[in-house]
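Participant:
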Amino acid sequence: MIRFSRYIWLYVLLSSFVLVPGVFSLFRWGLRPSIDFTGGTVLEVMTEKRIEESRIREFAKNHAIDLVDLSQNGKNGYTFRMKPASVEAVNAFQADLQKSTSGKFDVLKKDTVGPTIGNELLYKTVMASILVIIAILSYVAYAFKSVKFGVAAVASLVHDMLVMFGSFSILGHFAGVEVDTLFVTAFLTTMSFSVHDTIVIFDRIREYQKKDLRTNLADLSNIALTETIGRSLVNSFTIIFMLLSLVLMGGVTVRWFAMALLIGTITGTYSSPFIAVPVLLLLDKLEKNK
Amino acid sequence: MKKNPKKLFLFLLILTIFVAVIDLPEKFVISIPWRGSVIQKEINPPNIDIGIGSLRFQKELKTHLGLDLAGGIHVALEADMKEIPVASRMEALESVRQVIERRVNFFGVSEPVVQHVRSGETYRVIVELPGVNDIEQALSLIGETAKLEFREVTENQESTQSAFLFPTLANTKSVDLSGKDLKKATVSFNSNNGEPEVAIEFTPDGGRKFADVTKRLVGKPLAIFLDETPLMWPTVKTEITDGTGVISGGFTFDQAKRLTLQLNAGALPVSVSVVEKRIVGATLGADSVARSVRAGLIGLGIVALFMILKYGWLGAYADMALLVYSLLTLALYRLIPITLTLPGIAGFILSIGMAVDSNILIFERFREEYRKGKPWAIAMELGFGKAWDSIRDANFTTIMTSIVLYNPGNWDFLPTSGLVRGFAATLFIGVVISLFTGIVVTRTFIRVLYRGPKGGKS
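So the sequence lines, in the order shown, correspond to chains H and Z. Just so we're aligned, residue 4 is where the first sequence starts under our numbering, counting upward by one. Just so we're aligned, residue 6 is where the second sequence starts under our numbering, counting upward by one.
1) Please state if the CB of Thr115/H and the CB of Val143/H are separated by a distance shorter than 9 Å.
2) Are at least three pairs of beta-carbons, each pair with one atom in the stretch 186-200 of chain H and one in the stretch 257-265 of chain H, less than 8 Å apart?
3) What is the residue span of the beta strand (DSSP E) that Asp72/H lies within?
4) Per DSSP, what kind of secondary structure is Phe418/Z in: helix, strand or coil?
5) For the structure I just gave you, are there three or more beta carbon pairs, one from the stretch 17-32 of chain H and one from the stretch 169-178 of chain H, closer than 8 Å?
6) Quick check on the DSSP output: the beta strand (DSSP E) that includes Phe207/Z runs from which residue to which?
7) Helix, strand or coil for Ala97/Z, going by three-state DSSP, please let me know.
8) Kindly confirm or deny that the stretch 399-413 of chain Z and the stretch 430-442 of chain Z touch, where touching means at least three C-beta pairs closer than 8 Å.
9) Using a Cβ cut-off of 9 Å (strictly closer), state whether Ala321/Z contacts chain H.
10) Show which residues of chain Z have a CB atom less than 7 Å away from the CB atom of Arg234/H.
11) How would you write the range of the alpha helix (DSSP H) that Ala75/Z sits in, first residue to last?
12) So that I know if they touch, is there some Cβ in chain Z lying closer than 9 Å to that of Asn238/H?
13) Quick one: what's got a C-beta closer than 7 Å to Thr82/H's C-beta in the same chain, skipping five residues either side?
14) Apart from the five residues on each side of it in sequence, which residues of its chain come closer than 6 Å, Cβ to Cβ, to Ala261/Z?
15) Considering Cα atoms alone, identify which of Thr159/Z, Ala326/Z, Pro348/Z and Gly378/Z is closest to Tyr411/Z.
16) Just the Cα atoms here: how many angstroms apart are Ile5/H and Tyr330/Z?
17) Run through the DSSP bridge pairs and tell me what Tyr128/Z is partnered with.
18) Between Ala323/Z and Met312/Z, how many whole angstroms is the CB-CB distance? I'm expecting something under 8 Å.
19) Provide the residue(s) that pair with Tyr81/H in DSSP beta bridges, ordered along the chain.
20) Given that Ser195/H touches chain Z, what residues does it touch there, using C-beta distances under 8 Å?
21) How about the stretch 379-391 of chain Z and the stretch 345-360 of chain Z: do they share at least three Cβ pairs that are nearer than 8 Å?
22) 9 Å is my cut-off, CB to CB: does Asp73/Z come that close to chain H?
23) Just checking my contact of Ile438/Z with Leu333/Z at CB under 8 Å: how many whole Å lie between their CB atoms?
24) Taking Leu111/H as part of the beta strand (DSSP E), name the residues at either end of that continuous run.
25) Give the interface partners of Phe311/Z over in chain H, defined as CB-CB distance under 9 Å, in chain order.
26) Using a Cβ cut-off of 7 Å, pull out every chain H residue sitting near Met359/Z, in sequence order please.
27) In whole angstroms, give me the CA-to-CA distance for Ile229/Z and Phe155/Z.
28) Run through DSSP, which three-state label would Pro276/H get?
29) By how many angstroms is the C-alpha of Glu181/H removed from the C-alpha of Leu264/H?
30) How should Arg40/Z be labelled, buried or exposed, when 16 other C-beta atoms within 10 angstroms of its C-beta is the threshold for buried?
31) Enumerate, from N- to C-terminal direction, the unbroken alpha helix (DSSP H) stretches of 4 or more residues contained entirely within the stretch 93-176 of chain H.
32) Could you check whether the Cβ of Ile139/H sits closer than 9 Å to any Cβ belonging to chain Z?
33) Per DSSP, Leu187/Z is paired with what?
34) Taking Ile284/Z as the query, report the chain H residues whose CB atoms sit under 8 Å from its CB, ordered along the chain.
35) Using only the alpha-carbon positions, how far apart do Lys242/Z and Glu233/Z sit?
36) So what does DSSP say about Lys178/Z, is it helix, strand or coil?
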């Protein structure tokens, strides 16, 4: 048996290592919403020759386009993010770009989302999130019928949520990664993974609680964790292998989606034994001291 | 089931072969060198074509690629319904949709999607055109309102009488009467023979113009053009002064109804504006598919290897079940069919990782029981039995989440984004199929093939 309950300080340290910068970034810089939510245009092109950045900015200025972000991907790939602008302006901007460079000029992607749709999508995504979270919480309530276990499971979910939003806030600030509908999808999916890991461990603890009334909760949880940690890790490893290969080798368009899933899976796996269980023990202690 | 695992095993084998046939790659050429010459054969998945009596079931089995993979455009158009009475807004939207659909068919796009969406007070038409290259042209064509026009034939009398005359823009000229002058068109029935007809009603101004035109063209054809395509060219019988007319011509009810919709669409002052536009170049899609498929295969290989290293023969059986799982899932994508998007592929790859999940739960339980000294066969059955609760719990929330994300009821307040749906659909199918393969298939393989751990008690 591994005495997991002795190393709570380590889990606190590990989590704060990720949580503190993440939450700081979340408050300081917030998230970088994609045009899915704000409206606007994203134009992604691939050219044969380089285009000077100053010229790009000049073109944008000429057509009164508010260039929010300009990033280069690969050697001659450009992504332009702009605030909502007229179709004519965007087309003229694109035509100028094409004229300024000789050789091939491929439009890889051109997304325009009207501001109304952006608001609507934001609202719908929030609604979907609320619905999923209600579903998960009622499942937790149904599965445990105990406030202590329920609160501990929710604490680990909150932890995972902060890790995901925090890391995407950092990624957004330093690497320009945006939060779009797919990020929210990844978030909700990994939340549902996270809760089942917790349920497996808690189930074990309660199984032992019924059999053995004398041993204290800390020891019981140590036994349960020792038994389940192997399968939890192995289980998540297979998912992590798949996602890692997708992040490293998959197409550009799903990279950050796969990344969100990956971060979610890792924190989901971690939080069940190292957040949910310690919180449970803490609550148990508080109850006994009363 | 325990009575006869061999029968089940045979059934699973047949099922696997069956789905493997469905999964055959499209347009894949194999070359077999044989006695000095090379035999070339193109492989394609079979198409279903079953006829029982008058019932006919036809299905082309191929993978449907979403816009983000095939390249193409996605446009959401919002109709301005301010001037349309609330009661007839849906009807107006439907006619807008039909007009757009007809325009889209002009492109010869293989699988266009044109659907109307009403959410609250907004009325939209979503258009998806896979593989369209000339995006600007496509957009300008879609965005216009339907143009209904009456034209007179300019060629001489004799040729107009002949049945072979086909009005074109060249041999006709405008009579300055257009959709704007039309008040509405409705389906009516001929009082003599009961045939469906289309009754048209002009605005007061249009009625006056119509009277002038019909007076001038008695005995001559008056061609009706919709979006510069001749719709019909009835011959004017008498001068019409009351601003109404009847278009007859041996319509079926459906034809008459469709024509009314088209005429109303041309007549309705519904202007549409683009609120969302997504364009994906074909190169980006193709590149992404290739990369993601490769990533998926590599991941699959690692998972398979990992299972064998960790669980030995048991892992190998789990891998076989995983193979059945992959084939079955792909076959379902083709049968349902599920439109594959890039997030959908990610969902599939993710679900492969999760498919071995139940096997791991079972094998770990088995090891526990086996360590306690139970014979392996009993320990294995216990493993399957005891792990079931955890497996059910583990998958329940994922299934719930994927249902919410898919939004099967098309609810207004939930997202209907194609990308999110693509992911939710593959995730849902993945989880459900993995329950079947992880438990039933693996168990059958083990019952029939497994001979116990080396040196173990039996």
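C-beta: ideal position from N, C-alpha, C; glycine also.
Facilitator: Taking the structure as given:
1) Within the first sequence, the letter at position 140 stands for residue 143/H. Within the first sequence, the letter at position 112 stands for residue 115/H. Cβ distance not < 9 Å, so Val143/H and Thr115/H don't count as in contact.
2) Yes, they touch.
3) To locate residue 72/H, count along the first sequence from 1; it is residue 69. Counting along the chain, the beta strand (DSSP E) containing Asp72/H begins and ends at Leu70 to Asn76.
4) Within the second sequence, residue 418/Z is the residue found at index 413, counting from 1. It is coil, neither helix nor strand.
5) Contact holds between the stretch 17-32 of chain H and the stretch 169-178 of chain H, because three or more Cβ pairs, one in each stretch, are under 8 Å apart.
6) Here residue 207/Z corresponds to residue number 202 of the second sequence, with the count starting at 1. It spans Pro201 to Phe207 - the beta strand (DSSP E) in which Phe207/Z sits, taken as one unbroken run.
7) As a first step, residue 97/Z must be located in the second sequence, where it is residue number 92. Under the three-state reduction of DSSP, Ala97/Z is assigned to helix.
8) Counting Cβ pairs under 8 Å, three or more are found: they touch.
9) The residue given as residue 321/Z occupies position 316 in the second sequence. So, not an interface residue.
10) Residue mapping note: residue 234/H aligns to position 231 of the first sequence, counting from 1. Proximity of chain Z to Arg234/H at the Cβ level (cut-off 7 Å) is accounted for by Ile365, Leu366 and Glu369, in chain order.
11) Position 70 of the second sequence, counted from the start, is the residue given in the question as residue 75/Z. Where Ala75/Z is concerned, the enclosing alpha helix (DSSP H) stretches over Leu72 to Ala75.
12) Position 235 of the first sequence, counted from the start, is the residue given in the question as residue 238/H. Interface flag for Asn238/H against chain Z is set, since a Cβ pair is found closer than 9 Å.
13) Stepping through the first sequence from its first residue, residue 82/H is reached at position 79. Answer for Thr82/H: Val45, Glu47, Ser74 and Asn76, listed in chain order.
14) What you label residue 261/Z is simply residue 256 of the second sequence in a count that begins at 1. Within the same chain, Val192, Pro201 and Val203 come within 6 Å of Ala261/Z by CB-CB distance, once the 5 residues on both sides are set aside.
15) As a working note, residue 411/Z is residue 406 in the second sequence. Ranking the options by Cα distance to Tyr411/Z, first place goes to Pro348/Z.
16) Within the first sequence, residue 5/H is the residue found at index 2, counting from 1. Within the second sequence, residue 330/Z is the residue found at index 325, counting from 1. Taking the straight line from one Cα to the other gives about 36 Å.
17) Within the second sequence, residue 128/Z is the residue found at index 123, counting from 1. Arg123/Z.
18) As a working note, residue 323/Z is residue 318 in the second sequence. As a working note, residue 312/Z is residue 307 in the second sequence. Sure, about 5 Å apart at Cβ, within 8 Å.
19) In the first sequence, the residue the question calls residue 81/H occupies position 78. Tyr81/H is bridged to Val48/H and Gln75/H.
20) As a working note, residue 195/H is residue 192 in the first sequence. Correct list: Thr402, Thr403, Met405 and Thr406.
21) The answer is no - the stretch 345-360 of chain Z does not touch the stretch 379-391 of chain Z, with fewer than three Cβ pairs under 8 Å.
22) Walking along the second sequence from the start, residue 73/Z turns up at place 68. By this cut-off, Asp73/Z is an interface position.
23) Against the second sequence, residue 438/Z aligns to sequence position 433. Against the second sequence, residue 333/Z aligns to sequence position 328. 6 Å between Cβ atoms; contact.
24) As a first step, residue 111/H is located in the first sequence; it is residue number 108 there, counting from the start. Residues Phe108 to Val116.
25) By 1-based counting over the second sequence, the position of residue 311/Z is 306. Against chain H, the beta carbon of Phe311/Z has neighbours under 9 Å at Val237, Phe240, Thr241 and Phe244, listed in chain order.
26) As a first step, residue 359/Z must be located in the second sequence, where it is residue number 354. Going along chain H in sequence order, the residues near Met359/Z (Cβ under 7 Å) are Ile242.
27) To locate residue 229/Z, count along the second sequence from 1; it is residue 224. To locate residue 155/Z, count along the second sequence from 1; it is residue 150. Approximately 5 Å, taken between the alpha carbons.
28) As a first step, residue 276/H is located in the first sequence; it is residue number 273 there, counting from the start. In the three-state DSSP reduction, Pro276/H falls in the helix class (H, G or I).
29) Along the first sequence, one-based indexing puts residue 264/H at 261. Along the first sequence, one-based indexing puts residue 181/H at 178. Taking the straight line from one Cα to the other gives about 14 Å.
30) Position 35 of the second sequence, counting from 1, holds the residue named residue 40/Z. Exposed, since its Cβ has fewer than 16 Cβ neighbours within 10 Å.
31) Listed in chain order, the complete alpha helix (DSSP H) runs (minimum 4 residues) inside the stretch 93-176 of chain H are 118-147.
32) Locating residue 139/H in the first sequence gives position 136, counting from the first residue. Interface residue, yes.
33) Numbered from its first residue, the second sequence carries residue 187/Z at position 182. For Leu187/Z, which the question treats as bridged, DSSP gives the partners Phe207/Z.
34) In the second sequence, the residue the question calls residue 284/Z occupies position 279. Within chain H, Val110, Lys112, Lys113 and Asp114 have C-beta atoms less than 8 Å from the C-beta of Ile284/Z, given in sequence order.
35) If you number the second sequence from 1, residue 242/Z lands on position 237. If you number the second sequence from 1, residue 233/Z lands on position 228. The C-alpha of Lys242/Z lies about 24 Å from the C-alpha of Glu233/Z.
36) Mapped onto the second sequence, residue 178/Z falls at position 173. DSSP places Lys178/Z in the strand class (E or B) of the three-state scheme.
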